[in-house]
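Here the structure comes first, spelled out in structure tokens, and everything after it is commentary.
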Amino acid sequence: MPISRCILRRRGNRDRCHELPERSNIPGRFRIAISLPLKNCASEIDRFDVLVRGRIITFPRLTWYSLRIRQPQKKAFLERYLQEVRRKSTISLATIWGVPSPAGREKQTSNLGKCDCIMYDIIGDIHGHADELSELLGNLGYDRQSGYYAHPLRTAVFVGDFIDRGPQIREVLQIVRPMVEAGSARAVMGNHEFNAIAWSTLHPTENHRYLREHTEKNNGQFAATWTQLSTDELASAIDWFRTLPMWLALEGINVVHACWQPSHQETITAALKQYGGVTTDFMVEATNQGSDLYLAVDDVLKGKEFPLPEGITYRDKDGNLRTNVRVRWFESPEGKSLRDYALPPAPLAPDTPLSESMVDTRAIYAADAPPVFLGHYWLWSDHPTRLATNVACVDYSVAKDGILCAYRWNGEQEIVDKNFLWVASRS
Numbered sequence: 004m005p006i007s008r009c010i011l012r013r014r015g016n017r018d019r020c021h022e023l024p025e026r027s028n029i030p031g032r033f034r035i036a037i038s039l040p041l042k043n044c045a046s047e048i049d050r051f052d053v054l055v056r057g058r059i060i061t062f063p064r065l066t067w068y069s070l071r072i073r074q075p076q077k078k079a080f081l082e083r084y085l086q087e088v089r090r091k092s093t094i095s096l097a098t099i100w101g102v103p104s105p106a107g108r109e110k111q112t113s114n115l116g117k118c119d120c121i122m123y124d125i126i127g128d129i130h131g132h133a134d135e136l137s138e139l140l141g142n143l144g145y146d147r148q149s150g151y152y153a154h155p156l157r158t159a160v161f162v163g164d165f166i167d168r169g170p171q172i173r174e175v176l177q178i179v180r181p182m183v184e185a186g187s188a189r190a191v192m193g194n195h196e197f198n199a200i201a202w203s204t205l206h207p208t209e210n211h212r213y214l215r216e217h218t219e220k221n222n223g224q225f226a227a228t229w230t231q232l233s234t235d236e237l238a239s240a241i242d243w244f245r246t247l248p249m250w251l252a253l254e255g256i257n258v259v260h261a262c263w264q265p266s267h268q269e270t271i272t273a274a275l276k277q278y279g280g281v282t283t284d285f286m287v288e289a290t291n292q293g294s295d296l297y298l299a300v301d302d303v304l305k306g307k308e309f310p311l312p313e314g315i316t317y318r319d320k321d322g323n324l325r326t327n328v329r330v331r332w333f334e335s336p337e338g339k340s341l342r343d344y345a346l347p348p349a350p351l352a353p354d355t356p357l358s359e360s361m362v363d364t365r366a367i368y369a370a371d372a373p374p375v376f377l378g379h380y381w382l383w384s385d386h387p388t389r390l391a392t393n394v395a396c397v398d399y400s401v402a403k404d405g406i407l408c409a410y411r412w413n414g415e416q417e418i419v420d421k422n423f424l425w426v427a428s429r430s
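Heads up: take any position in the sequence shown, counting from 1, add 3, and you land on my numbering.
Structure below.
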């Protein structure tokens, strides 16, 4: 609900800010602020009760302490964030309630941290494991209020793959989607969301043919989703998946499900503009194996792959026979063997140098580029580690008895392993 005006009224020797809503009472999360002597006041809030634009409200640190005494029922709530502002002479309203809706989040600044940017918690592939997600969000300091999880200081970023495999797909969507719609989280599309759209979309000119064939293999991968969701729930989820971006270039970090490659992003952006989003026509071209869009989407959402030598195969986590391996696209392949270059490691791959025809440097991620966060790769470790100084994967196989992983980004340009947090799979 937008606020019509924001008035500073003097009472005695102190200015107090009175925000005047057009059609409702002041949102609950702003009520504490009304009792504070304030220096500046935000000019508008959106319907999710978060700041959209205007100066961040600040107030003296001493007022923070006096408020704890005058309102003991809020003492625990206030003390929760005290250490994060202990060294500050003033405290931002963003310190307590968070910052703007999606339209303005990237440009909003905070008084806290190592840089003037929003702090992000990047969360890995969930695959229908809602209990683990709830536990992880709780450990990260997110509270479920007004129907969605939110953090007063930070924004969650999901790397995709919410569905398939796990037993709580409906519950995962009931957590993630409201967070994204409320502005307390951002999300990118994973290959499983893309596959779900294709599986559910009939070809417009070829009767009874779906863009993702309903084969035994494809049906098996999608079975957990379409059996757990009702017809209406599945249709609603597919509509939402179509709205998800395939990557995010945020302030200070990049996020993509599998591979960050600007040339592919240009191809996808042009197609989205041409077709007006992830429409049926877009999906027809994106699932046509002879098109540039197919190659772009396939790499961005499924990762770059190299072929194994003839006669060498392996079975993936689902038991499917594979003749290609995913590779460490962010590093130069020069001088490496396919075994060295595989991601995750492929012990069966040959230990001979890659041929010149395989060496493609277009996707190499520059060492001075912002940190990029990925999912997708089904890594396996009890203690996650970075892939490069500015590359991190947060998919650690929660759906295969691994862990649900997050990285807590605080403005650093070099990824540090101590910022990984995780919870064990309960399956």
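By construction, the Cβ of each residue, glycine as well, lies at the ideal position given by its N, Cα and C atoms. Remember, predicted model here, so these are calculated numbers, not experimental data.
Where G127 falls, given that 16 or more other Cβ within 10 Å makes a residue buried: Numbered from 1 along the sequence shown, position 124 holds the residue referred to as residue 127. Buried.
Distance between C262 and P387 (C-alpha atoms, nearest Å): On the sequence shown, residue 387 is found 384 positions in, with the first residue counted as 1. On the sequence shown, residue 262 is found 259 positions in, with the first residue counted as 1. Roughly 19 Å between the two C-alpha positions.
Short Cβ contact (8 Å threshold) for F161 with E196: The residue labelled residue 161 in the question sits at position 158 within the sequence shown. The residue labelled residue 196 in the question sits at position 193 within the sequence shown. No.
Cβ neighbour criterion (16 or more within 10 Å) applied to M249: Within the sequence shown, numbered from 1, the residue matching residue 249 stands at position 246. Under this definition M249 is a buried residue.
Cβ-Cβ distance between V183 and V259 below 8 Å: By 1-based counting over the sequence shown, the position of residue 183 is 180. By 1-based counting over the sequence shown, the position of residue 259 is 256. No, they are not a contact pair.
Nearest neighbour of A372, chosen from P353, I418, P336 [CA to CA]: Translated into the one-based positions of the sequence shown, residue 372 becomes position 369. Answer by Cα proximity: I418.
Alpha carbon of A395 to alpha carbon of D235, nearest angstrom: As a first step, residue 395 must be located in the sequence shown, where it is residue number 392. As a first step, residue 235 must be located in the sequence shown, where it is residue number 232. When rounded, the distance between both Cα atoms is 36 Å.
Sequence-distant residues of its chain with Cβ nearer than 7 Å to I125 (five each side left out): Within the sequence shown, numbered from 1, the residue matching residue 125 stands at position 122. Contacts found: V160, V162, V258, F376, V397, A409, Y410, W412.
Three-state secondary structure (DSSP) of S294: In the sequence shown, counting from the first residue as 1, residue 294 sits at position 291. Coil at S294, not helix or strand.
Same chain, Cβ closer than 6 Å to T228, neighbours up to 5 away in sequence not counted: Along the sequence shown, read from residue 1 onward, the residue named residue 228 stands at position 225. These residues qualify, in order along the chain: I166, D167, I172.
Per-residue burial, P336 [other beta carbons within 10 Å of its own, 16 or more giving buried]: Here residue 336 refers to the residue found at position 333 of the sequence shown. The residue is buried, with at least 16 neighbouring Cβ atoms inside 10 Å.
Extent of the continuous alpha helix (DSSP H) to which D167 belongs: As a first step, residue 167 is located in the sequence shown; it is residue number 164 there, counting from the start. Here D167 belongs to no alpha helix (DSSP H), and DSSP marks it neither H nor E.
Uninterrupted beta strand (DSSP E) stretches inside the region 244-289 (no shorter than 3 residues): 250-252, 257-259
Span separating the alpha-carbon of R389 from that of N327: By 1-based counting over the sequence shown, the position of residue 389 is 386. By 1-based counting over the sequence shown, the position of residue 327 is 324. In a straight line, the C-alpha of R389 is about 24 Å away from that of N327.
Close-in-space but distant-in-sequence residues of the same chain around P207 (CB under 8 Å, 5 per side omitted): Sequence index remark: in the sequence shown, residue 207 carries index 204 (1-based). Taken in chain order, the residues that qualify are T283, D284, V287.
For Y151 and A185, the rounded distance between their alpha carbons: On the sequence shown, residue 185 is found 182 positions in, with the first residue counted as 1. On the sequence shown, residue 151 is found 148 positions in, with the first residue counted as 1. The straight-line gap from Cα to Cα measures roughly 8 Å.
Buried/exposed call for G193, threshold 16 Cβ in 10 Å: Locating residue 193 in the sequence shown gives position 190, where the first residue counts as 1. Result: buried.
Residue closest to W425, alpha-carbon to alpha-carbon, out of G414, Y399, K403, E415: Position 422 of the sequence shown holds residue 425. Taking only the C-alpha atoms, the option nearest W425 is Y399.
Buried or exposed by the 16-neighbour rule on C-beta atoms within 10 Å, applied to G280: Within the sequence shown, the letter at position 277 stands for residue 280. Classification of G280: exposed, given that the 10 Å Cβ count is below 16.
Unbroken alpha helix (DSSP H) run spanning E184, endpoints: Counting from one through the sequence shown, the residue named residue 184 turns up at place 181. Counting along the chain, the alpha helix (DSSP H) containing E184 begins and ends at 172-185.
Contacting residues, own chain, Cβ-Cβ under 6 Å from K305 (five flanking each side not counted): As a first step, residue 305 must be located in the sequence shown, where it is residue number 302. Contacts found: N194, A261.
C-beta atoms of Q416 and P353 nearer than 8 Å: Taking the first residue of the sequence shown as 1, we reach residue 416 at position 413. Taking the first residue of the sequence shown as 1, we reach residue 353 at position 350. No, these two residues do not count as a Cβ contact at 8 Å.
Host beta strand (DSSP E) of T158 (start-end): Within the sequence shown, numbered from 1, the residue matching residue 158 stands at position 155. It spans 157-161 - the beta strand (DSSP E) in which T158 sits, taken as one unbroken run.
P350 versus S340: straight-line alpha-carbon distance, rounded: Here residue 350 refers to the residue found at position 347 when the sequence shown is read from its first residue. Here residue 340 refers to the residue found at position 337 when the sequence shown is read from its first residue. Cα to Cα, P350 sits roughly 11 Å from S340.
6 Å Cβ shell around E174 - same chain, five flanking residues per side excluded: Counting from 1 along the sequence shown, the entry for residue 174 is found at position 171. Taken in chain order, the residues that qualify are A133.
S358 classed as buried or exposed, judged by whether at least 16 other C-beta atoms fall within 10 angstroms: Counted from its first residue, the sequence shown places residue 358 at position 355. Flag for S358 reads exposed.
Endpoints, the beta strand (DSSP E) within which R147 is located: In the sequence shown, residue 147 corresponds to position 144, counting from 1. Looking at the DSSP string, the run of the beta strand (DSSP E) that includes R147 is 146-148.
Top-ranked residue by Cα proximity to Y123, from L237, R189, L247: Walking along the sequence shown from the start, residue 123 turns up at place 120. Considering only alpha carbons, the answer is R189.
Cα-Cα separation, D49 to S137: What you label residue 49 is simply residue 46 of the sequence shown in a count that begins at 1. What you label residue 137 is simply residue 134 of the sequence shown in a count that begins at 1. Its pLDDT being 34, under 50, D49 is placed unreliably by the model, and nothing is read from it.
Cα-Cα separation between S203 and R180, rounded to whole angstroms: On the sequence shown, residue 203 is found 200 positions in, with the first residue counted as 1. On the sequence shown, residue 180 is found 177 positions in, with the first residue counted as 1. Taking the straight line from one Cα to the other gives about 19 Å.
Integer Cβ distance of R325 from L346, believed to fall under 8 Å: In the sequence shown, residue 325 corresponds to position 322, counting from 1. In the sequence shown, residue 346 corresponds to position 343, counting from 1. That belief does not hold up - the Cβ atoms of R325 and L346 are roughly 14 Å apart, past 8 Å.
Alpha-carbon to alpha-carbon, Q177 and L407: Residue 407 sits at position 404 when you count from the first residue of the sequence shown. Residue 177 sits at position 174 when you count from the first residue of the sequence shown. The alpha-carbon atoms of L407 and Q177 are separated by roughly 18 Å.
Proximity below 8 Å, CB of L214 to CB of T290: The residue given as residue 214 occupies position 211 in the sequence shown. The residue given as residue 290 occupies position 287 in the sequence shown. Yes. Within cutoff.
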